[in-house]
Structure formats: C-alpha cells, structure tokens
Amino acid sequence: MAHRIDQGTLYRPPPLAKFFHALPHVNISLHLVNSTFAPDSDVYLESLGILGSIPALWLILTLFMLLIYLCTRCCDRKPRPKHSIVILRWTLSFFTMLCCGAVGVGLYGNDDVHNGMLELLSAGRAMDETISSVKNQTSAIDSTLKLKVEYLLTQLGDVFDEPVTNQTARAGLLALLEAMTSNTSIALASLQDISRPLRPVTLAPTLDNLHLAEAIRWPVTMAILSILLVFCVILLFGVARHSRCALITFSVFGLFAVIFSWLMASIYLTASVALGDLCMSPGQLMEREAPAPLQREILEYYTSCDQISQNPFFVVVRKATSAVDAVSYSMGSMTKIARQLYKPQQLHPKLDMLSKEVKLATSLIQSLATKLDCTQIHNQYMSALHAVCEMALFGLTFMLAASIGAGFLFAILVWLDSHTWIYIRKKREYLQVDEQDPFLPPTAASQAIAARTLHSQGGLHGAGPGGICDRGGVSQYATLNRKFRTLEHPPGPRRSEIGMTGRRNEPGNSYTLGSRSKSRMEGPGQYSTLSKKCKTLESSDFY
Numbered sequence: 001m002a003h004r005i006d007q008g009t010l011y012r013p014p015p016l017a018k019f020f021h022a023l024p025h026v027n028i029s030l031h032l033v034n035s036t037f038a039p040d041s042d043v044y045l046e047s048l049g050i051l052g053s054i055p056a057l058w059l060i061l062t063l064f065m066l067l068i069y070l071c072t073r074c075c076d077r078k079p080r081p082k083h084s085i086v087i088l089r090w091t092l093s094f095f096t097m098l099c100c101g102a103v104g105v106g107l108y109g110n111d112d113v114h115n116g117m118l119e120l121l122s123a124g125r126a127m128d129e130t131i132s133s134v135k136n137q138t139s140a141i142d143s144t145l146k147l148k149v150e151y152l153l154t155q156l157g158d159v160f161d162e163p164v165t166n167q168t169a170r171a172g173l174l175a176l177l178e179a180m181t182s183n184t185s186i187a188l189a190s191l192q193d194i195s196r197p198l199r200p201v202t203l204a205p206t207l208d209n210l211h212l213a214e215a216i217r218w219p220v221t222m223a224i225l226s227i228l229l230v231f232c233v234i235l236l237f238g239v240a241r242h243s244r245c246a247l248i249t250f251s252v253f254g255l256f257a258v259i260f261s262w263l264m265a266s267i268y269l270t271a272s273v274a275l276g277d278l279c280m281s282p283g284q285l286m287e288r289e290a291p292a293p294l295q296r297e298i299l300e301y302y303t304s305c306d307q308i309s310q311n312p313f314f315v316v317v318r319k320a321t322s323a324v325d326a327v328s329y330s331m332g333s334m335t336k337i338a339r340q341l342y343k344p345q346q347l348h349p350k351l352d353m354l355s356k357e358v359k360l361a362t363s364l365i366q367s368l369a370t371k372l373d374c375t376q377i378h379n380q381y382m383s384a385l386h387a388v389c390e391m392a393l394f395g396l397t398f399m400l401a402a403s404i405g406a407g408f409l410f411a412i413l414v415w416l417d418s419h420t421w422i423y424i425r426k427k428r429e430y431l432q433v434d435e436q437d438p439f440l441p442p443t444a445a446s447q448a449i450a451a452r453t454l455h456s457q458g459g460l461h462g463a464g465p466g467g468i469c470d471r472g473g474v475s476q477y478a479t480l481n482r483k484f485r486t487l488e489h490p491p492g493p494r495r496s497e498i499g500m501t502g503r504r505n506e507p508g509n510s511y512t513l514g515s516r517s518k519s520r521m522e523g524p525g526q527y528s529t530l531s532k533k534c535k536t537l538e539s540s541d542f543y
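Residue numbering for the sequence shown follows UniProt numbering, beginning at 1 and increasing consecutively.
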C-alpha cells in the first residue's frame, strides 16, 4: 500500500517493516494466522505472544545451563592448583568490552525510539490542531450565520413590515429578504455536513497516553541499561584489581543481567513485529479505529491525498460558498431598495451590521475550503508515519539486537567469571611439609615457624620470668637458623676440625630445640620432632 505525499512521492513500507511482517504469525496450535495489525483480535495478540515467548524460552534454557554449571562448581571440593589466569583475565576483559558495546547500541536505539516518539507526538498534535481549527472555524461560521445574520434578517423583516407607499418595491424587498434567509439556512445545513463527521474526531487522548507511556519508558530503559553498564564496570574492576569479591559479586548480578536482557529482547521482538505489521498497512488501522460518523472516503482522501480523488467536502463547501455568495449578492440589491423606501434611522445600524457579518462569513468559508484540502493534514500524517515506521522501528531494531547480544554476552561472562574467581586465593597457602622428612627447607616461613616453636617451648619450660627468650632466645634462634642453612648447604671441613685420623672433630656443645646439651644427639630424631611440632603449630595457627 503506497501513500502519496505529493506528486511523484509515495510512501512505501521500509525494509525493516517488511522483514518483521514476514515473520510467521502462528497460534497456539502452530497454524498460520492473519498478520494484519489488529490489536483488538485475540488471535493476533496470541500470535504476537508466541513470537515474544521465543527469547523467554531461551532465557529458561540459559538459566538452566548456568545452574548446572554453578552447581558443579559449588560441589567441586578438590583443591585447585595455583596457575596463571592471565588468559582468563584478558578473555573476560574482551567479552566485557563487547558487552559494554552491546549495551551502548541499546542506548543509541533507545535514543532513536525517543526521537521518533517525539516526532510522532509533534506531528499528531499538529494534525489535531488542524482538525480542531477546521471544527472551530466551522463553528464560527455557524454562529455568525445563525446568531447574527439570521437575527439581523429577522429584525429587518420587522422593519419591512411597516407600510410604505410603493408596495411593488416592498414586495421585491420582502422576496430578497426571504431569499437571503433561505440561502443562510442552506449554508448552515452545509456547514453541519462538514462538522458532523469531524465532531468526534480528536487525537488528544491518544497523544496524552503516548506521551505518558514515553515519559515512563524512556527513563526506565535508560536506568536498566545504565545498571547493566555498572555490572560491566564491576567486572572490569574485579579483573583489573584481581578482586575475588568483585568477581563473586558479578556472578550474582550477572544472572540478573541475563534475565533483564532476555526479557527486554522478548518485549522488543513483540513490539517490532507489531510495529512492522502496522507499517505495512497503516491506512487499514485508521479506517478500523475511525469513529462511525467519519466516512471511509473522507479518511482515505486524507491518508492517501491522491490528486485524482475528489475532496469529499468539496460539494458541501461549494454549496455553502454559493449560498453565502448569494446572500452577499442579494445584500446589495436589498440595501439599494430599502434605502429608497425607509428612513436611514430605521435601517442604519441593522443594515450595516448585516453587511459586515455577511462579508465575515464569506471570508471564513473561503479559508475553510483551503483548510479542508488534504495537503496539510497528509503532510502531518506522513511525518507521523516517518517517525513510527522509520525512526522508532529502526531504534527498536537496535534495541532488540542489543538485548539479544547482551543476553548471550552476559551468559558467557557469568561462565568465565565463575571459572576465574575460584583460582584467586584470599591469602597465601602454607607450605606443605612431609612429616617423615627429617629436614625443613630453609625458607622465611620455616624460620618464622621455628621462632614461634622456640618461644612456645620457652613458655612451657618456664625458665625464668621471661622463658627461654629472656635467656638468650635470640642466640638460640640464630644458631638454629645457621643449622638449617648448614643442613642444606654443608660447608667443607676446616683444617682445624680434622684430626690425625682424618675425621672431623665434633664441637663440644650444640643447641637442640628449647634446651642446651653438652653433646649433639646422634640421628635425625631431633629434626623429626621439630617437623611434627612445626606442623602442629602451623595447623593451630591456621585454624
């Protein structure tokens, strides 16, 4: 269906409208139904609901898969070996930036839809003002003819009832007066034919509802998309700062983001298909929703504005114009005869006022004929179609694509995020030591454990008020530390320590754990005891 905006220019449904209109419209039994836009039809609404349920079904499947994955992670108690998560971090960053881009596309589409709605409201208000102007002008002409012209003609009739000497002239004057009254009635009847079909036509309630809906939709959509961006920022912060808390927080919020994205995709798909159906045949909707007094030919004339078709008001406007012109023409003859038969003081105020009102009615009818032309209303109608079927549908398509993309990307991010934070530890793990190993590795952690062991044993023996540390614990710890280093890297024997037999001389004294001994104990038992005590101390400190 094409609509002519002027000669050589036609309205054609945009490609996006054709695409969404071509999507199969099926009922609950999966049978194809009529795809014509019919918001009052339960069958049509059912087909839109089935199309909109496709993203909802995918949402359920996505949540089920994520639930299974997260349950496997929660039930997995095996310790995770420490390894690099650089690849995971870069992958998370990449998909997070893609998700931010998808949300940005949604913001762009939301702005397009908002601009389209503003243009629609502007065109609708202009159209409503034009229709109201026609109705107001028709009412003004009606009141001029009925309340002023007819009233003045009645007063002049009372004047003309007075006897005069020239009865022939008086009879002609009364005939002119009767013709003027009859033409005034014809003009009033023609004006009723114009105002009757236009009286119930008003766009104000519909425009007010659209304005309220857009005033709610736009900020709510902006808020939801902004929240999704905040979720992405939380994830980027966790990746950048290696924050386990931020990554776990996103694991929870990411599920809400997946739900919001697919629910919005369901709404946008339904709205896009409905808008595509509307834009394929907007004239049919206008005819169906038009009030009963508004004839189909009137509506078709203004929605198509075909230069071949005739203005349905042309006949009545011409009839009213001819009647008022006849009144104006008779006015001149009546004025000439009346001034010859009656005194000026009898005619002066009434005749002059009648002439003024007839001229006003003539000018109003001529301007009314211009306003009833289809060009102005059709241009406003085409602006409204451009706002809905091009700008709004284009932006809605962007929002649909952004919601679908964000739904997929947020699901991927939740999966990757849950796979990443399990490898991030809250604190460093303690060094695992074999209890049968007679030697401890000489690390800083082992030295700290040995120091705490010495301090603990000193407290147990109670040697003096301060325990063993008060009696030279620092030197004992230093000796023990040197012993650890000696065990790992035994130095070569000194010349002074090698006797004549070729054996190394034993020192006279050595330190054992927590007490002095005059001779070093043979065998590894003392180190096994130290290992066990360190393990016990390590476990107690950990718990």
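Using N, Cα and C, we set each Cβ at its ideal position, and we do this for glycine too.
Since this is a predicted model, take the numbers as computed values, not measurements.
For residue i, the first and last residue of its enclosing alpha helix (DSSP H)
{"i": "Phe-94", "result": "86-143"}
{"i": "Lys-18", "result": "15-22"}
{"i": "Glu-150", "result": "150-160"}
{"i": "Pro-197", "result": "167-198"}
{"i": "Phe-398", "result": "393-420"}
Backbone secondary structure at residue i - three-state DSSP
{"i": "Tyr-511", "result": "Reliability fails at Tyr-511, whose pLDDT of 39 lies under 50, so the model's placement of it is uncertain and the value that follows must be treated cautiously. Note: Tyr-511 maps to strand in three-state DSSP."}
{"i": "Leu-364", "result": "helix"}
{"i": "Leu-228", "result": "helix"}
{"i": "Leu-372", "result": "coil"}
{"i": "Leu-30", "result": "coil"}
{"i": "Ser-243", "result": "coil"}
{"i": "Tyr-527", "result": "Unreliable placement is indicated for Tyr-527, whose pLDDT of 47 sits below 50; the coordinate value is still reported in the next sentence. Looking at Tyr-527 - three-state DSSP - the assignment turns out to be helix."}
{"i": "Lys-518", "result": "Confidence at Lys-518 is low in this model, with a pLDDT of 39, below 50, so the placement of that residue should be treated as unreliable; the coordinate-derived value is given next. Lys-518 falls in the coil class under three-state DSSP."}
Reference residue i, options the options, closest by Cα
{"i": "Phe-20", "options": "Ala-320, Ser-383, Ala-274", "result": "Ala-274"}
{"i": "Thr-303", "options": "Val-233, Glu-287, Pro-293, Ala-179", "result": "Glu-287"}
{"i": "Ser-328", "options": "Gln-137, Glu-357, Asp-208, Ala-338", "result": "Glu-357"}
{"i": "Thr-202", "options": "Met-127, Ala-189, Lys-350", "result": "Met-127"}
{"i": "Trp-415", "options": "Gly-254, Leu-351, Gln-366", "result": "Gly-254"}
{"i": "Ala-402", "options": "Tyr-108, Val-33, Gly-172", "result": "Tyr-108"}
{"i": "Arg-296", "options": "Gln-307, Asp-306, Gln-284", "result": "Gln-284"}
{"i": "Ser-261", "options": "Met-399, Thr-72, Pro-39", "result": "Met-399"}
{"i": "Asn-110", "options": "Met-391, Leu-413, Trp-421, Thr-375", "result": "Met-391"}
{"i": "Ala-169", "options": "Leu-198, Thr-420, Leu-341", "result": "Leu-341"}
{"i": "Gly-405", "options": "Leu-59, Ala-22, Pro-14", "result": "Leu-59"}
{"i": "Asp-40", "options": "Leu-70, Glu-289, Ala-223, Leu-57", "result": "Glu-289"}
{"i": "Lys-146", "options": "Thr-181, Lys-135, Pro-200, Leu-120", "result": "Thr-181"}
{"i": "Ser-195", "options": "Pro-163, Asn-136, Leu-153", "result": "Asn-136"}
{"i": "Thr-375", "options": "Ile-131, Arg-12, Leu-354, Asp-208", "result": "Ile-131"}
{"i": "Met-334", "options": "Pro-293, Cys-232, Leu-156", "result": "Leu-156"}
{"i": "Gly-395", "options": "Asp-161, Ala-271, Ala-189", "result": "Ala-271"}
{"i": "Ile-298", "options": "Ile-412, Pro-312, Cys-305, Trp-421", "result": "Pro-312"}
{"i": "Leu-191", "options": "Leu-372, Met-264, Ala-338, Cys-389", "result": "Leu-372"}
Same chain, Cβ closer than 7 Å to residue i, neighbours up to 5 away in sequence not counted
{"i": "Leu-409", "result": "Phe-95, Leu-98, Cys-99, Ala-102"}
{"i": "His-123", "result": "Inspection of the sequence shows that residue 123 is occupied by Ala rather than by His. These residues qualify, in order along the chain: Gln-380, Ser-383, Ala-384, Ala-387."}
{"i": "Ser-243", "result": "Phe-237"}
{"i": "Pro-200", "result": "Pro-291, Pro-293"}
Close Cβ partners of residue i (< 6 Å) along its chain, the five nearest in sequence each way excluded
{"i": "Leu-235", "result": "Thr-96, Phe-250"}
{"i": "Gln-346", "result": "Val-159"}
{"i": "Leu-16", "result": "Leu-393, Thr-397"}
{"i": "Ala-369", "result": "Val-317"}
{"i": "His-114", "result": "Trp-218"}
Sequence-distant residues of the same chain with beta carbon closer than 8 Å to residue i, five excluded per side
{"i": "Pro-491", "result": "Low per-residue confidence applies at Pro-491: pLDDT is 48, beneath 50, and the placement is therefore not dependable, though the value from the model is reported in the following sentence. Contacts found: none."}
{"i": "Gly-472", "result": "Because the pLDDT of Gly-472 is 43, which lies under 50, any placement of that residue in the model is unreliable, and the number read from its coordinates should be weighed accordingly. Contacts found: none."}
{"i": "Ala-204", "result": "Asp-128"}
{"i": "Asn-27", "result": "Val-33, Val-43, Glu-46, Ser-47, Ile-50"}
{"i": "Ile-365", "result": "Ile-141, Ala-187, Val-317, Ala-320, Thr-321, Val-324"}
{"i": "Phe-37", "result": "Tyr-44, Ala-274, Asp-277, Leu-278, Met-280, Ser-281, Gln-284, Leu-285"}
{"i": "Tyr-69", "result": "Trp-415, Ser-418"}
{"i": "Tyr-268", "result": "Leu-396, Met-399, Leu-400, Ser-403"}
What alpha helix (DSSP H) runs, 4 residues minimum, are completely inside the segment 317-358?
-> none
Write down every uninterrupted run of the alpha helix (DSSP H) in the segment 256-309 whose length is 4 residues or greater and which is fully enclosed by it, in chain order.
-> 282-289, 296-304
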